[in-house]
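Numbering (my numbering), first residue to last: 11 to 338.
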């Protein structure tokens, strides 16, 4: 039956080309687009001749002018990632053979609304006995050679997180909607394996992205978590004084190396504790003035053995000595 249908179509196409000189039009025109990477695809017509070529044109919905973007032989797809992404474009394709061509085949495509959204990367950890921590990573667009976040092109992105018990026959699934890429899911059973998957949802276009691969994690037991917490606290209480002692010893050693200690002599300390307001030299002069003294006259042997003249000199010396004693 299928062979008969194919032969019928081939016969019709041969009849049309022979009668009217027309080339059959391309079949099954479609656009494959993921994260704004878009490719226009089609199937070749049933035509007995080889070396068919295809012509692709597009125009924006607010203009009437078509622009050629592709013209090639035998290739049945065309990259259209460079067309405007925020407006609708009308794409058309036709087949050509020598001077003959087929009718145009049309399709309307709006990249920002029609492209598929890839799933977010997901990382799940059992951070608490009855909760799981879910970290999501945005899928990204590649535009102009660089990566762009999902939220640059869409203003309202919501993440749907689906969670269920692994290998459980009953209906025990939950769904959490969040606008953040990090979420803690509480209220779970300890020591139980849960599977989590996520997708992005674009509210402004009512558009759902693809689901991520499930990630299954077992929640921790409450008893083991409590014991771990106690051990951690005990370890901190033991290590903290040791660290303080080591730091203190290191400080003392560093201070001794860079700022060595010194000690003043004992008599300097006594002088600084009870300073004297008078100079020792002045004090000694004052003490010397308190002493009494007598004037001594020294005579040589010649004077003693001299005559009358020497006796007079000796008498004068005694008189002067007496006068000086009276003055004192």
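Glycine is no exception: its CB is placed at the ideal position from the N, C-alpha and C atoms.
Check: Which listed residue (202, 169, 149, 165) has its alpha carbon closest to that of residue 175; Outcome: 202
Check: CB of residue 206 within 8 Å of CB of residue 111, strictly; Outcome: no
Check: Beta carbon proximity, residue 66 to chain C, threshold 8 Å; Outcome: The question asks about chain C, but that chain is absent: this structure has only one protein chain.
Check: Residue 18 in three-state terms, based on DSSP; Outcome: At residue 18 the pLDDT is 45, less than 50, meaning the model places this residue with poor confidence; the figure from the coordinates comes in the next sentence. Reduced to three states, the DSSP call for residue 18 is helix.
Check: Residue range of the unbroken beta strand (DSSP E) whose run includes residue 126; Outcome: No beta strand (DSSP E) holds residue 126; DSSP gives it neither H nor E.
Check: Residue 146, enclosing beta strand (DSSP E) - first and last residue; Outcome: 141-147
Check: Three or more C-beta pairs below 8 Å linking the stretch 150-159 and the stretch 72-85; Outcome: no
Check: Outcome for residue 169 when other beta-carbon atoms lying within 10 angstroms are tallied against a minimum of 16; Outcome: buried
Check: Beta-carbon gap between residue 212 and residue 164 smaller than 8 Å; Outcome: yes
Check: Proximity of residue 67 and residue 76 at Cβ, strictly below 8 Å; Outcome: yes
Check: Beta-bridge partners of residue 259, as assigned by DSSP; Outcome: Beta-bridge pairing links residue 259 to no other residue.
Check: Residue 219, buried or exposed, once every other Cβ within 10 Å from all chains shown has been counted against 16; Outcome: buried
Check: Residue 326 (DSSP reduced to helix, strand or coil); Outcome: helix
Check: Residue 153 vs residue 196 beta-carbon contact at 8 Å; Outcome: no
Check: Exposed unless 16 or more other CB atoms sit within 10 angstroms - verdict on residue 413; Outcome: Not covered by the structure: residue 413. The range shown for the chain is 11 to 338.
Check: Rounded C-alpha distance that separates residue 147 from residue 200; Outcome: 26 Å
Check: Other residues of its chain near residue 8: CB distance less than 6 Å, five sequence neighbours each side excluded; Outcome: With the chain covering only 11 through 338, there is no way to say anything about residue 8.
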